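Student: Residue numbers (the numbering used here): 651 to 832. The beta-carbon is built from N, C-alpha and C at its ideal position, and this holds for glycine as well. Nothing here was measured: the structure is a model prediction, and the numbers come from that model. Handing you a structure now.
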């Protein structure tokens, strides 16, 4: 059941852009979020309540986590802002009131609560592992592109070098022909 409640999201933020997401909350609902950027590039992260009042802000962070209990009912938003002149990949994992209610389980025995916490921790590790795989794919693609460019550059250098050698042989032979040495 927890696997259906937990979800990790990945977004590619354009330069100088902002992306906001909304969570409907009631009074005393618990919400938590963890996020990480590829390469730990700093972004701005903040959360606002239903009256657009700032609840929490991280001005420059490559990763972070925050949890809070809602004091007002309505649409709470969490936003990421990319002030950099390049794209940034952001992976985030929000845990809304439904999941948090499942984790608390007021009628659960202590063993059930520990199993729920363990399940929650396993989900966080799985989400982090998925992000690491995504980041690995990006790096592998970058390495592949670089190797391809290096290969083509080496071919071009070889052709230019062979052309220069051929031209020098032709030029030196024509010089000796003119002088009558050959």
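In this structure, does DSSP put residue 741 in helix, strand or coil?
Tutor: As a working mapping, residue 741 is identified with position 91 in the chain shown. If DSSP states are grouped into helix, strand and coil, residue 741 belongs with the strands.
Student: Indicate whether the contact test is met: 3 or more Cβ pairs, each with one atom in the segment 724 to 731 and one in the segment 760 to 777, closer than 8 Å.
Tutor: no
Student: When the Cα of residue 666 is compared with those of 714, 759 and 738, which residue comes out closest?
Tutor: Taking the first residue of the chain shown as position 1, residue 666 is located at position 16. Put simply, of 714, 759 and 738 the residue whose alpha carbon is nearest the alpha carbon of residue 666 is 738.
Student: What runs of the beta strand (DSSP E), each 3 residues or longer, lie entirely inside the segment 668 to 715?
Tutor: Counting only runs of at least 3 residues, the segment 668 to 715 fully encloses the following beta strand (DSSP E) elements, listed from N- to C-terminal order: 680 to 687, 693 to 698 and 704 to 711.
Student: Please state if the CB of residue 785 and the CB of residue 711 are separated by a distance shorter than 8 Å.
Tutor: Here residue 711 is taken as the residue at index 61 of the chain shown, counted from 1. Here residue 785 is taken as the residue at index 135 of the chain shown, counted from 1. Not closer than 8 Å, so no.
Student: Which whole-angstrom value describes the C-beta separation of residue 685 and residue 717, a residue pair presumed to lie in contact below a C-beta threshold of 8 Å?
Tutor: Along the chain shown, read from residue 1 onward, the residue named residue 685 stands at position 35. Along the chain shown, read from residue 1 onward, the residue named residue 717 stands at position 67. Between residue 717 and residue 685 the Cβ distance is about 13 Å, and since that is not below 8 Å, they are no contact.
Student: What residue range does the beta strand (DSSP E) around residue 726 cover?
Tutor: Translated into the one-based positions of the chain shown, residue 726 becomes position 76. Segment 724 to 732, the beta strand (DSSP E) holding residue 726.
Student: Do you know whose CA, among 745, 663 and 723, lies nearest residue 736's CA?
Tutor: Taking the chain shown and counting its residues from 1, one reaches residue 736 at position 86. Nearest of 745, 663 and 723 to residue 736, Cα basis: 663.
Student: Quick check: residue 661 and residue 673, are their CB atoms within less than 8 Å of each other?
Tutor: In the chain shown, counting from the first residue as 1, residue 661 sits at position 11. In the chain shown, counting from the first residue as 1, residue 673 sits at position 23. For residue 661 and residue 673, no; Cβs fall outside 8 Å.
Student: Using CA coordinates, which residue listed in 741, 800 and 675 is at the minimum distance from residue 725?
Tutor: The sequence position of residue 725 within the chain shown is 75, counting from 1. Per the Cα distances, 675.
Student: Alpha carbon to alpha carbon, how far is residue 800 from residue 815? Give it in angstroms, no decimals.
Tutor: Residue mapping note: residue 815 aligns to position 165 of the chain shown, counting from 1. Residue mapping note: residue 800 aligns to position 150 of the chain shown, counting from 1. Roughly 22 Å between the two C-alpha positions.
Student: What three-state label does DSSP hand residue 813 in the structure shown?
Tutor: For the purposes of this step, residue 813 is taken as the residue at position 163 of the chain shown. Correct three-state label for residue 813: helix.
Student: Please report the residue range of the beta strand (DSSP E) in which residue 661 lies.
Tutor: Numbered from 1 along the chain shown, position 11 holds the residue referred to as residue 661. Run containing residue 661: 659 to 663, per the beta strand (DSSP E) assignment.
Student: Compare the Cα-Cα distances from residue 658 to each of 746, 703 and 701 and report the closest residue.
Tutor: As a working mapping, residue 658 is identified with position 8 in the chain shown. Minimum Cα distance to residue 658 is reached at 746.
Student: Pull up the distance between the alpha-carbon of residue 652 and that of residue 768, whole angstroms please.
Tutor: Start at 1 with the first residue of the chain shown, and residue 652 comes out as number 2. Start at 1 with the first residue of the chain shown, and residue 768 comes out as number 118. Residue confidence for residue 652 is low, a pLDDT of 36 falling below 50, so the modelled location carries little weight; the figure read from the coordinates is stated next. Using only the alpha carbons, I get a separation of about 11 Å.
Student: Identify the residues that DSSP records as bridge partners of residue 719: which are they?
Tutor: One-based indexing of the chain shown puts residue 719 at position 69. Answer is 680.
Student: Could you pull out every residue in the same chain whose Cβ sits closer than 6 Å to the Cβ of residue 723, ignoring the five residues on either side in sequence?
Tutor: For the purposes of this step, residue 723 is taken as the residue at position 73 of the chain shown. The residues are 676 and 677.
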